[in-house]
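So for the sequence shown, the working numbering puts the first residue at 313; every next one is plus one. Backbone N, C-alpha and C fix where the C-beta goes; we use that ideal spot for every residue, glycine too.
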Amino acid sequence: MKVLIVGSGGREHAIAEAVSRSSRVDKIYCAPGNAGIGQLAECVNIGAMEFDKLVDFAKEKEIDLTIVGMDDPLVGGVIDEFEKAGLRAFGPRKNAAILEGSKAFSKDLMKKYNIPTAGYETFTSAKEAKEYLETAKYPIVLKADGLALGKGVLICETKDDAMEGVKELMQDKKFGDAGNKIVVEEFMTGREVSVLSFVDGKTIKIMTSAQDHKRALDGDKGLNTGGMGTFSPSPFYTEEVDKFCKENIFQKTVDAMASEGREFKGIIFFGLMLTEEGPKVLEYNARFGDPEAQVVLPRMKNDIIDVVEACVDGTLDKLELEFEDNAAVCVVLASEGYPVKYDKGFEIKGLEKFDNKEGYYVFHAGTALKDGKIVTNGGRVLGVTAKGDDLKQARANAYEATELIEFENKYKRNDIGKAIDEA
Ligand code: AMP
Ligand code: GLY
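Have a look at this one:
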């Protein structure tokens, strides 16, 4: 069969790698893709938000299945457009992708259906938000309601920070219309765990757990980024935590969406915080995590096409997910200066050392092909994933592998997976 993947980052490269392992797939296209994805798929120059062009392309090439990796097109309704054209596509429709697209929606859903999460208030007026913040407890968390490239969350230590935050989000409109509404949320402490799942509208199947490292600098310092590295599984996602989440969070979320007339098919990514009071939902995403996909998918034993089709067809109850009994670590190689200001266009050397290197993967995020050479083309450039028998081995393998790649201004965190030592 022919598969189209929509997106252009490390996550989509990991999806393409998993699809390339399927015995059922003859041809992979990716729109728009990147230089690394181009080694597995034919990249087509159509943007992820160009819905008409994507649909026309899928019709013309007789694509059997489209997998959408990114949040923007899902929240914008790309699946609805494919379905209207009679095409099969994997991901939530617009009315379900709101689970990620509106933080106020997801908080109200959790409240209504008694799913554990931080206490919150929602505001559409900066004046009212500021009045509330006068007497609030600190630290406190402000969140832009809409999509803001993962950067619309402000942790405010003091009242002054919070007032400045309201100004940034609601008055200066730093994230555009995403800040028309804000959620003001209780600050929680604990370990974070990412749990990805496949959902077919009724049934949910949980993938192996992972943990991201969102800050730019070692020791979780510096600015928030798209993610600097991941490990899987998380040793903190214990059987007890799993049992609690299965009883109180996962199926309840799927059922809640169905009850609201917003049947969810696709990936639900549960961002969890393991607090002293038990696991609570930090956020939902309606897609694979990036770079969580880069450590979870390489460990998945199932043919991804079987699983994706079961979600689309509503037959996920007949399938069991299987993961390798090992571990994986992904270390992101970024451009020095990311996420603020960085140079691009440097040649990347050493990629060929990974050809046929079993258990190792180089997922491209921000790369481009220039005069036949692969060059840096973004803040996050590559994700180097390595497997190992356990987390420590996987981490050692991943860090060793990062030394095989060279480019000017290469930057990485040196403490991805440090938490493993505390487990
Ligand atoms: P989100 O995009 O909602 O996952 O938020 C980004 C990051 O902000 C999370 O990964 C957490 O580290 C942090 N965060 C979000 N909400 C809270 C909260 N209520 N309490 C503490 N930290 C939070
Ligand atoms: N790694 C976090 C995310 O994909 O949103």
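The DSSP-derived three-state label of Tyr723 is strand. Restricting attention to beta strand (DSSP E) runs no shorter than 3 residues, the region 493-529 encloses them at 494-498, 503-512, 516-524 and 527-529, ordered along the chain. Going by beta carbons, Ser544 and Val607 fall inside the 8 Å limit. Between Leu703 and Val674, the C-beta spacing is not below 8 Å.
Secondary structure within the region 404-486: the alpha helix (DSSP H) runs of 4 or more consecutive residues, fully enclosed, are 406-413, 415-424, 438-446 and 471-478 (chain order). Within the same chain, and ignoring the five residues on either side of Arg336 in sequence, the residues whose Cβ sits closer than 7 Å to its Cβ are Met313, Asp615 and Ile617. By the CB criterion at 8 Å, Ile494 and Phe435 fall inside the cutoff. Here the alpha carbon of Tyr549 sits roughly 35 Å from the alpha carbon of Asp392.
Contact between Val566 and Phe499 does not hold, since the beta-carbon distance rounds to 28 Å and is not under 8 Å. When the Cα atoms are used, Glu636 and Leu421 turn out to be separated by approximately 34 Å. Between the beta-carbon of Ala370 and that of Ala353 there is about 14 Å, and that puts the pair past the 8 Å contact cut. Residue state for Ala677 is assigned as coil, using DSSP reduced to three classes. Here the distance from the Cβ of Glu324 to the nearest heavy atom of the ligand GLY is not below 7 Å. Beta bridge pairing from DSSP links Ile728 with no other residue. In this structure the region 549-558 does not lie against the region 383-399, because fewer than three pairs of beta carbons, one per stretch, are closer than 8 Å. CA-CA distance, Gly541 to Asp524, rounds to 6 Å. Taking 7 Å as the cut-off, the C-beta of Asn726 does not count as close to any heavy atom of the ligand GLY.
Residue pairing for Ser544: DSSP places it in a beta bridge opposite Ala640.
DSSP places Leu694 in the strand class (E or B) of the three-state scheme.
Comparing alpha-carbon positions, the option among Gly381, Ser334 and Gly322 lying closest to Gly578 turns out to be Gly381. Here Leu535 has Ala528 and Pro651 as same chain residues with Cβ atoms under 6 Å from its own Cβ, once five neighbours each way along the sequence are excluded. According to the DSSP assignment, Glu595 belongs to the beta strand (DSSP E) that extends over Gly590 to Asn597. In this structure, the beta-carbon distance from Leu316 to Thr378 falls below 8 Å. Around the C-beta of Met585, 16 or more other C-beta atoms lie within 10 Å, and the residue is accordingly described as buried. The beta-carbon distance between Ala438 and Val478, rounded to whole angstroms, is 5 Å. This is short enough to meet the 8 Å contact definition.
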